[in-house]
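In this note's numbering, the protein residues as written are 59 to 185.
Encoded structure:
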């Protein structure tokens, strides 16, 4: 019985939230993981600034493209956009298509030599 009452309370809270469109997320004061752990947990992530300078990348991306670790690395130098179609890789377009999945293809000229003869690596995910 207790389990049912907990579920019904959550359903009621969800309905109230939808009625008032007043969902307010709970943001923690600090993160429970450090940057090193984040890079290992999300091995294919990218963090860019408004100029598309790569601020952070996952450990697998760094392994495949060692030069991406440069502080001057630009997203456009390392990736081509494959989806959404007909969109240039700009910060404005990233903001415009924020809810759309993106497919980025790694430029072969920046990959390790042993990857050049393989099919292009594509990363798919949300931004």
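Just so it is clear, CB atoms sit at the ideal spot from N, CA and C, and this is done for glycine as well.
Practice problem: Specify the secondary structure class of residue 59 as computed by DSSP and reduced to three states. | Solution: Caution applies to residue 59, whose pLDDT of 48 falls short of 50 and renders its modelled position unreliable; the value that the coordinates give is listed next. The three-state secondary structure of residue 59, taken from DSSP, is coil.
**Report entry** Reduced DSSP category for residue 115 - H, G, I as helix; E, B as strand; rest coil
**Finding:** Here residue 115 sits in strand by DSSP.
Using a Cβ-Cβ cutoff of less than 7 Å, which residues in the same chain neighbour residue 118 once the five nearest sequence positions on both sides are dropped? By the criterion of a C-beta distance shorter than 7 Å, residue 118 is surrounded in its chain by 101, 102, once the five residues flanking it on both sides are discounted.
CA nearest to the CA of residue 113, picked from 146, 99, 128, 158 | Nearest to residue 113 by alpha-carbon distance, out of 146, 99, 128, 158, is 128.
Have a look at residue 178 and residue 109 and give me their C-alpha separation to the nearest angstrom. So the two alpha carbons sit approximately 25 Å from each other.
* Three-state class that DSSP yields for residue 15 in the structure shown -> Here the chain has residues from 59 to 185 only, and residue 15 is not among them.
| message | Only counting the same chain, and skipping five residues up and downstream in sequence, which positions put a Cβ closer than 8 Å to that of residue 165? | response | If the five residues before and after residue 165 are omitted, its C-beta is found closer than 8 Å to the C-beta atoms of 135, 136, 137, 138, all from its own chain and listed in chain order.
For residue 139, which three-state DSSP category applies? DSSP, reduced to helix, strand and coil, places residue 139 within a strand of the structure shown.
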